[in-house]
Every structure is written in structure tokens, then in C-alpha cells.
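Right, one structure below, let's go through it.
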Amino acid sequence: MAATALGRLLLAAFTAMIATTAAILIAGFFSITAEATTLTYSVKANERACFYIWADVPFKKLGFYFAVQSGGSFDIDVEVTDPKGVQLLALERERQGDYIFTANNVGEHSFCFSNDMSTFVEKQIDFEILLEKGLGSDRPLPTEADDQPLGLHAEDRTGQTETSINSLDDTVARLSGSLYRADRMQDHFKTRQSRNYDTVISTETRIFWFSIAESVLIIGMAALQVFAVRTFFSEKRRHFPRV
Amino acid sequence: MAINVTRWMISLVLLLTILPSVFGLYFYLEGSEQKCFTEELPKETIVIGKYNAEEWNESQKKFVVNRDIQIEVVAEEMPSGKRVFSQKLAPSGQFKFTSSESGEHAICIFTSTAGWFSSSKIRMTLDLNIRDISDDHLDASEDTLSGLAQRVRDLNSKVWEIRREQSYLRGQETVFRNKSEATNSHTVTWTIIQLAVLGLTCAIQLRSLRKFFEAKKLV
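Protein chains in written order, with UniProt numbering: chain A, 1 to 243; chain B, 1 to 219.
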């Protein structure tokens with residue numbers, strides 16, 4: 001009696017252990033957190049800079065974020081091409097963008113920035129390219145409207161341990177999504193900060209040069225007036241103008 | 001069934017031979033061309049860069065790791081141009097340096113084997129990781145952690161990154177506010193100078209005209 005009870009207890013404990021490890025492995029393996037690379041690069045005038053990423057499995061989600069940090073009117077030409085040469089995105093003179101593509105084909109995807117519109121101004125670009133980790137899924141990467149938990153759920157088998165692992169996994173996934181959004185919001189603030197600073201510098205320069213120009217103009221006009229009055233009373237004229 | 005499996009295996013092996021060795025962002029370098037990336041780094045921050053350089057081999061018609069090429073990584077502080085880090089490394093591996101001052105840094109990567117190799121095309125896979133100096137111990141135990149713990153660690157480093165950017169933004173905002181206030185006071189200064197110029201010009205103009213009329217015996 002005791003032996004069978006002990007046996008049953010051991011079996012239950014063993015099943016629970018296997019289920020927990022399975023749940024952790026599944027949750028980790030199908031993790032939706034993407035592999036991201038954030039870089040800041042200065043595109044020189046008339047330069048075309050391309051960055052590539054290799055999608056190894058079809059139907060993975062590719063996230064692409066870029067923002068012009070400084071230079072000229074803060075715009076750049078962007079082109080995204082997939083391995084078959086199909087243009088996924090072609091933008092002209094865009095300030096910033098946040099896009100998600102589905103990489104339908106396996107191979108090299110290219111993200112190109114071209115600064116053809118500037119003759120001497122170099123543009124500093126902040127960009128981030130994310131590739132979904134794992135085997136890909138049909139769930140989207142976190143976006144503004146997304147408030148759903150992002151992890152896939154393991155099958156509920158033994159109840160208590162499963163749900164605690166699940167809820168932890170859900171919490172971590174939700175945190176991950178929120179942090180992603182917070183990071184993205186911060187990137188927007190950084191870009192706006194850059195632009196505002198550029199505006200202030202431009203304002204300062206304008207005030208200075210316009211003041212100088214106005215002073216020169218005043219002095220010039222005064223001299224012109226004196227000269228004009230002098231010519232009215234010059235000896236060359238026969239008579240004085242009637243006032 | 002067996003044929004399908006073999007076919008799948010063969011295609012996988014073929015695919016693996018042309019794949020970049022590390023899945024990540026990569027770009028191409030022609031000859032001794034260098035690509036520079038700017039990063040805003042606070043004081044005493046560790047930057048770890050994992051890279052993998054493959055050279056185009058004409059005979060094999062694919063990108064292979066060439067043991068002979070040397071990759072040079074240079075990190076400089078932007079405004080002053082002071083070199084924080086400069087090292088010649090093997091074509092595949094990682095580099096690590098610590099920033100001494102807080103500010104904008106430029107991290108440049110290029111091939112240092114010059115001369116007759118200048119027509120080569122290099123595929124450079126790069127992954128930059130910026131970490132706080134106190135988190136350095138994470139490097140050793142990375143592989144042994146389970147999936148969930150690893151994700152929590154990732155979240156931790158993500159939070160640290162957000163805070164790093166926040167302090168950078170705060171510094172930038174201070175500079176912006178100072179500049180803004182300076183511009184505001186300059187508006188007043190320049191207006192006063194302009195009024196002074198105007199008044200002076202007026203006075204000189206009237207005086208010169210009066211002298212002229214007195215000379216002409218009209219006043």
C-alpha cells in the first residue's frame with residue numbers, strides 16, 4: 001500500500017519535472033523576442049550605404065526603424081530589397097519610419113540609405129533592424145496598439161507549476177513588449193531633440209546675420225539720403241527746388 | 001521518405017556553405033574602405049563588438065574566412081578625436097574597450113592589410129553590445145542559463161540601455177536649454193545694438209546736413 005502510494009507520488013513528481021522543463025524549453029525556443037542591431041551611421045554626401053541581414057527561414061518578421069538625427073532638412077532616401085530583387089520599400093526624402101516586413105524568401109535582404117540630394121551635407125542616421133528569433137510565427141512584433149501577451153503557451157498538463165511558468169513567461173513577454181515601446185518612444189524624443197537643437201542654432205545664426213544686414217542697410221540709406229539732399233542743392237542746378 | 005530527407009539535408013548543407021557564419025547585420029567593405037558608427041557612451045561603459053570578416057574567394061565563388069587578413073578597429077572620441085581604442089585583430093572574434101569620458105564616440109572598422117589586396121570584397125558581420133561596467137560578469141555564465149532567466153537578463157540590460165539613453169537625452173536637453181536662453185538674450189542685445197546704430201546714424205546725418213546748409217548759407 002505504502003509502496004504503491006510512494007510509487008504514485010514519485011511518478012507524479014517526475015511527470016511534473018518533465019513538464020516544467022518542457023514548458024521552459026518551449027517558451028524559450030519559440031521566444032518572440034527579436035534579435036536587434038541598433039547602429040548610428042553618418043551617410044556622406046552622395047553616398048549610398050547599404051546594410052544587409054540574412055533571413056534563414058521563410059516567413060520571419062523583419063522590423064526596420066530609422067530616423068535622421070542631423071543634417072540638412074533631416075531627410076534621406078531609403079530602399080529595402082528582398083533576396084529576389086523585389087523592392088519591399090522605397091521612400092524618398094523621409095524623416096523617420098518604423099516598418100515591419102515579412103521575409104517571404106530566404107536570403108540576403110538589403111536596407112539602403114542614399115544621400116543623393118545633398119552636395120556637401122552628411123546625414124547621421126539612427127537605424128535598427130530586427131529579425132525575429134526562433135522558427136518564425138504569425139504573431140506580429142510589438143506595435144503601439146499591441147497589448148496582448150506575446151509568448152506561446154505550453155500545454156496545460158499538471159496545473160499549478162504550468163500556470164506559474166506560463167504567467168511568468170507572459171509577464172516577461174509583456175515586459176519585453178513594453179520596454180520595446182519605451183525604447184522606441186525614446187528614439188522619437190532623441191530625434192525631435194536633435195531637430196529642435198538644429199532649429200535653435202539656425203535661429204541664432206539668422207538673428208546675428210539679419211542684425212548685421214539691417215545695420216549696414218541703415219547706414220547705407222542714411223549716406224544715400226545725405227548724398228541725395230546734397231545733389232538737390234548742388235551748383236550744377238540752375239534754381240533751387242521749391243519746397 | 002529517405003530521398004526527401006537526403007534532399008533536404010543536401011540543400012541545408014548547400015545553404016550553410018553560402019550563409020554568413022553569424023546571423024546578424026552585415027555590410028560589405030571594398031578594399032581598405034572603412035565604415036564608422038557613432039555611439040553615445042556614458043563614462044566607463046564597456047563596448048563589446050562581435051564581428052566576422054569573410055573575404056570573397058574567386059576560385060571557390062563564395063565568402064570564406066581568410067586567416068591572412070587583419071581587421072583594425074579604431075574607437076575615437078568625437079569632438080576631440082582622441083583615440084580610446086586601436087587594435088589589429090584576427091578576421092573573426094570580438095573586441096572590447098571601455099570608454100573613459102562620456103560623449104560621442106566613433107567606432108571605425110576596416111581591413112588593415114593594404115596594397116595589392118585592395119580589390120578584395122569583405123563581408124563584415126557586426127554586432128555591437130554596450131554594457132555597464134558592473135554587468136561584466138554576465139559574459140561568463142551566458143550559455144548555462146535557462147531560457148527564462150536569460151530573457152530576464154536581456155530585459156535587465158534593455159532597461160539599462162534605456163536609462164543610458166535617458167541620461168544622454170538629459171545632457172542634450174541642458175545644452176539645448178542653455179543655447180535657447182542665450183539666443184533669447186541675443187535677440188535683445190542685437191536689437192539694442194541696432195537701435196544704437198540707428199540713433200547714431202540719425203545724429204550724424206542731421207549734423208552733416210546742418211553743416212552743409214550752414215556752408216550754403218541757407219540756415
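Each residue gets a CB set at the ideal place from its N, CA and C atoms; glycine is no exception.
Just so we're clear, the structure is a prediction, and the values are computed from it rather than from any experiment.
Assuming contact is defined by CB atoms lying nearer than 9 Å, are residue i and residue j in contact in what I supplied?
| i | j | result |
| --- | --- | --- |
| F63/B | L126/B | no |
| P91/B | I107/B | no |
| V74/B | S86/B | yes |
| K96/B | I48/B | yes |
| G63/A | Y41/A | no |
| K50/B | G93/B | yes |
| L25/B | F210/A | no |
| T45/B | D154/B | no |
| I204/B | A222/A | yes |
| V159/B | L179/A | yes |
| I130/B | D183/A | no |
| L198/B | F233/A | no |
| F113/A | D77/A | yes |
| P42/B | R164/B | yes |
| H109/A | A49/A | no |
| A45/A | V121/A | yes |
| I201/A | K216/B | no |
| T201/B | I219/A | yes |
| Y197/A | L130/A | no |
| K123/A | V86/A | no |
| S208/B | V226/A | yes |
Helix, strand or coil for residue i, going by three-state DSSP, please let me know.
| i | result |
| --- | --- |
| N66/B | coil |
| T45/B | strand |
| D167/A | The sequence shown places Ser at residue 167/A, not Asp. Here S167/A sits in helix by DSSP. |
| K96/B | strand |
| Q34/B | coil |
| T191/A | helix |
| E77/B | strand |
| G151/A | A caution first: G151/A carries a pLDDT of 36, below 50, which makes its placement in the model unreliable, though a value can still be read off. It is coil, neither helix nor strand. |
| T38/A | strand |
| A90/B | coil |
| T113/B | coil |
| E181/B | helix |
| G103/B | strand |
| L200/B | helix |
| E204/A | helix |
| F232/A | helix |
| L9/A | helix |
| K211/B | helix |
| A223/A | helix |
| E214/A | helix |
Does the Cβ of residue i have 16 or more other Cβ atoms within 10 Å, making it buried, or fewer, making it exposed?
| i | result |
| --- | --- |
| residue 305/B | Residue 305/B cannot be examined here, being either before or after the span of chain B that is shown, 1 to 219. |
| K61/A | buried |
| H105/B | buried |
| R151/B | buried |
| D116/A | exposed |
| N156/B | exposed |
| A182/B | exposed |
| Q34/B | exposed |
| T21/A | The pLDDT assigned to T21/A is 46, lower than 50, so where the model puts this residue is not dependable; a value taken from the coordinates is nonetheless given after this. Exposed, since its Cβ has fewer than 16 Cβ neighbours within 10 Å. |
| V175/B | exposed |
| F74/A | buried |
| V216/A | exposed |
| K190/A | buried |
| N52/B | buried |
| G177/A | buried |
| S6/A | The residue you asked about is not Ser; residue 6/A is Leu in the sequence shown. Burial call: exposed. |
Name, please, each residue of chain A whose Cβ falls closer than 8 Å to the Cβ of residue i.
| i | result |
| --- | --- |
| W56/B | What W56/B touches in chain A: nothing, since even the nearest Cβ is about 14 Å away. |
| V159/B | L179 |
Could you list which residues in chain A have their beta carbon closer than 9 Å to that of residue i, in chain order?
| i | result |
| --- | --- |
| A193/B | Contrary to the premise, residue 193/B reads as Ile rather than Ala in this sequence. Those are S211 and S215, listed as they occur along chain A. |
| K179/B | Y197, V200, I201 and E204 |
| L128/B | T37, T38 and L39 |
For a contact defined as C-beta to C-beta under 9 Å, what are the partners of residue i on chain B?
| i | result |
| --- | --- |
| Q124/A | T38 |
| Q186/A | I162, E165, Q166 and L169 |
| F232/A | None at all; the shortest Cβ gap to chain B is about 11 Å. |
| Q193/A | L169, Q172, E173 and F176 |
| F51/A | L25, Y26 and F27 |
| K84/A | Ordered by position in chain B, no residue passes the 9 Å Cβ test against K84/A, which lies about 16 Å from the chain. |
| D183/A | K158, E161, I162 and E165 |
Please list, in chain order, the chain B residues whose beta carbon lies closer than 8 Å to that of residue i.
| i | result |
| --- | --- |
| S114/A | In chain order: nothing, as chain B lies at least about 14 Å away. |
| F189/A | L169 |
| F208/A | H186 and W190 |
| A222/A | T201, C202, I204 and Q205 |
Name the chain A residues whose beta carbon is nearer than 7 Å to that of residue i?
| i | result |
| --- | --- |
| F212/B | R230 |
| K216/B | F233 |
| V74/B | Simply none; closest approach about 15 Å. |
| S208/B | V226 |
What residue ranges within the stretch 44-130 of chain A form continuous beta strand (DSSP E) runs of no fewer than 3 residues, ordered along the chain?
-> 48-55, 60-70, 76-81, 87-94, 96-103 and 107-114
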